[in-house]
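Some notes on the structure that comes next.
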Amino acid sequence: MRDLFRPTQLDRYVFRQLGLGIIAITSALVALIWLTQSLRFIQLIADRGLSPLVFVRLTLLLVPSFIAVILPITCFIVILFVYSRLAGDRELTVMRASGVSDAALTRPALTLAASVMLVCYGLNIWLVPTSLGAFKRFEFDIRNRIAAFLLEPGVFTPISEHVTVYVQSRSAGNRLHGIMIEDSRQSDQPATILARSGQLISSNDGPEVLLEDGSREQVDPKTGQLDVLLFKSNLINLAQSTKMAALESEDASDASMHQLLNPPATIPKSAYIRWLAEANRRLADPFATFSYALIALYTVLGGAFARHGAFVRPLIAVAVVTSLLALSLGVDNLAAKHAAMIPLIWLMAFGPGLVTLYVMFGRRVGRRAVPVLGQPA
Numbered sequence: 042m043r044d045l046f047r048p049t050q051l052d053r054y055v056f057r058q059l060g061l062g063i064i065a066i067t068s069a070l071v072a073l074i075w076l077t078q079s080l081r082f083i084q085l086i087a088d089r090g091l092s093p094l095v096f097v098r099l100t101l102l103l104v105p106s107f108i109a110v111i112l113p114i115t116c117f118i119v120i121l122f123v124y125s126r127l128a129g130d131r132e133l134t135v136m137r138a139s140g141v142s143d144a145a146l147t148r149p150a151l152t153l154a155a156s157v158m159l160v161c162y163g164l165n166i167w168l169v170p171t172s173l174g175a176f177k178r179f180e181f182d183i184r185n186r187i188a189a190f191l192l193e194p195g196v197f198t199p200i201s202e203h204v205t206v207y208v209q210s211r212s213a214g215n216r217l218h219g220i221m222i223e224d225s226r227q228s229d230q231p232a233t234i235l236a237r238s239g240q241l242i243s244s245n246d247g248p249e250v251l252l253e254d255g256s257r258e259q260v261d262p263k264t265g266q267l268d269v270l271l272f273k274s275n276l277i278n279l280a281q282s283t284k285m286a287a288l289e290s291e292d293a294s295d296a297s298m299h300q301l302l303n304p305p306a307t308i309p310k311s312a313y314i315r316w317l318a319e320a321n322r323r324l325a326d327p328f329a330t331f332s333y334a335l336i337a338l339y340t341v342l343g344g345a346f347a348r349h350g351a352f353v354r355p356l357i358a359v360a361v362v363t364s365l366l367a368l369s370l371g372v373d374n375l376a377a378k379h380a381a382m383i384p385l386i387w388l389m390a391f392g393p394g395l396v397t398l399y400v401m402f403g404r405r406v407g408r409r410a411v412p413v414l415g416q417p418a
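Just so we're aligned, residue 42 is where the sequence shown starts under the numbering used here, counting upward by one.
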């Protein structure tokens, strides 16, 4: 039994190919996904005149979430590719002829799957929630705080989606002069605020400006008349922080496992189910790595080698795993709305692997082994 788990030279040979393959494919896919996803932040950075380093830092915070999603898939792809190549080069035939069993042939692939599963647990439980939380806070700072302190004189600067600020000049100490603010956060009552001068202030609720000697002008929606309110000083918050706290309280993507299993009492029941489903998804999804790895192994080891099947069987395996991924996505969405569907998350993670294990080895139990040529029966 000890020899069954002791790595051999063949194990190290196969595992080296698997390890190099998963590093190369995962890196390529992460770079591709990072490039496509980061395009939507280019305008945000450019509009606010921030440096490229801010763009890189913002988008790199999304990379752990990309890796957590694609690692089980790349593990399946690498195992299927490497073992198919070994079969095509007749290396598997030589290994079997030398007395290596199918169970021993699966050792390198299952070792890789176990390693990937542990990495996915580290990502799902700690790194992904931490990085997503940092990403949301940093993006909020860019949209609402950093941009306010980069106001350029003579330029209309969009602080947020509904607030645009114009300043005629700017002096030391964040003093502003000749200020105009277009505020449409209340869509039915947009307002134009004018001030002779003001002081830009940073607070926990976002950027604020203390206006001096100004007026607030808005059209009364009932009468259609222009209402003008004169003020000596007025404190205006430029951010949309009132919505931020409510959104964070119901968002489970950046919550820790402790928070998911012990959600705050302030969230509604619908959000509570979503948090519980997210906790189960983070715990169950890494096990799907084993299921996909076993499907790849059965594709190559489950039948006699045939040239015409060298392309058909891998294509069928890819179709099966693609269908499982789509079905898992549907189950996750259902479980986020209906608590009774949460056990299906675990079924989607374990079910395919258990079925594949039974097909590979379960049906052989009790069968008489065929003696190898040259050995006594």
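The beta carbon of each residue, even a glycine, is placed where N, CA and C say it ideally should be.
Spatial distance of residue i from residue j (CA atoms)
i, j, result
"leucine 288", "valine 353", "Because leucine 288 sits at a pLDDT of 47, beneath the cut-off of 50, its placement in the model cannot be relied upon, and the following sentence gives the value as read from the coordinates. One C-alpha to the other measures close to 48 Å."
"methionine 298", "alanine 376", "17 Å"
"valine 97", "lysine 378", "35 Å"
"lysine 310", "alanine 380", "11 Å"
"glycine 163", "valine 104", "14 Å"
"phenylalanine 402", "alanine 337", "15 Å"
"alanine 154", "alanine 325", "14 Å"
"valine 260", "glutamine 230", "7 Å"
"phenylalanine 179", "glutamine 78", "16 Å"
"valine 341", "leucine 70", "24 Å"
"tryptophan 167", "cysteine 161", "10 Å"
"valine 110", "leucine 91", "30 Å"
"valine 141", "leucine 127", "14 Å"
"aspartate 268", "isoleucine 234", "12 Å"
"phenylalanine 56", "alanine 367", "29 Å"
Endpoints, alpha helix (DSSP H) assigned at residue i
i, result
"lysine 310", "310-325"
"arginine 178", "169-181"
"aspartate 261", "Taken as a continuous stretch (DSSP letters only), aspartate 261 belongs to no alpha helix (DSSP H), as it is neither H nor E."
"isoleucine 166", "Isoleucine 166 -> no alpha helix (DSSP H), and no H or E assigned at all."
"leucine 94", "93-101"
"valine 400", "383-401"
"threonine 205", "No alpha helix (DSSP H) holds threonine 205; the beta strand (DSSP E) holding it covers 204-212."
"leucine 267", "That residue, leucine 267, is in no alpha helix (DSSP H); its beta strand (DSSP E) goes 267-278."
Contacting residues, own chain, Cβ-Cβ under 6 Å from residue i (five flanking each side not counted)
i, result
"serine 274", "Glu253"
"arginine 47", "none"
"methionine 158", "Pro327, Thr330"
"methionine 389", "Ser369, Val372"
"arginine 315", "Ala293, Ala377"
"aspartate 52", "Arg148, Pro149"
"threonine 205", "Phe197, Pro199, Glu223"
Residues near residue i in its chain [Cβ-Cβ closer than 7 Å; skip 5 each side]
i, result
"leucine 398", "Leu335"
"isoleucine 74", "Phe107"
"proline 170", "Asp295, Ala296, Ser297"
"alanine 358", "Leu121, Ile336, Ala337, Thr340"
Proximity below 8 Å, CB of residue i to CB of residue j
i, j, result
"proline 384", "asparagine 165", "no"
"valine 372", "methionine 382", "yes"
"phenylalanine 117", "valine 362", "yes"
"glycine 239", "leucine 270", "no"
"isoleucine 277", "glutamate 249", "yes"
"leucine 151", "methionine 136", "no"
"serine 172", "leucine 112", "no"
For residue j and residue i, believed in contact at Cβ under 8 Å, the rounded distance
i, j, result
"alanine 232", "arginine 211", "No, alanine 232 and arginine 211 are not in contact; Cβ-Cβ is about 23 Å, not under 8 Å."
"glycine 214", "alanine 236", "Rounded, the Cβ-Cβ distance is 16 Å, inconsistent with contact."
"leucine 192", "isoleucine 120", "About 55 Å; that fails the 8 Å criterion."
"isoleucine 386", "asparagine 321", "5 Å"
Close beta carbons around residue i, own chain, < 8 Å, minus the five adjacent residues each side
i, result
"glutamate 319", "Ala293, Ser294, Ala296, Leu301, Ala377"
Extent of the continuous beta strand (DSSP E) to which residue i belongs
i, result
"serine 3", "Limits of the chain in this structure are 42 at one end and 418 at the other, which puts residue 3 out of reach."
"proline 113", "Counting along the chain, proline 113 falls outside any beta strand (DSSP E), though it belongs to the alpha helix (DSSP H) covering 104-129."
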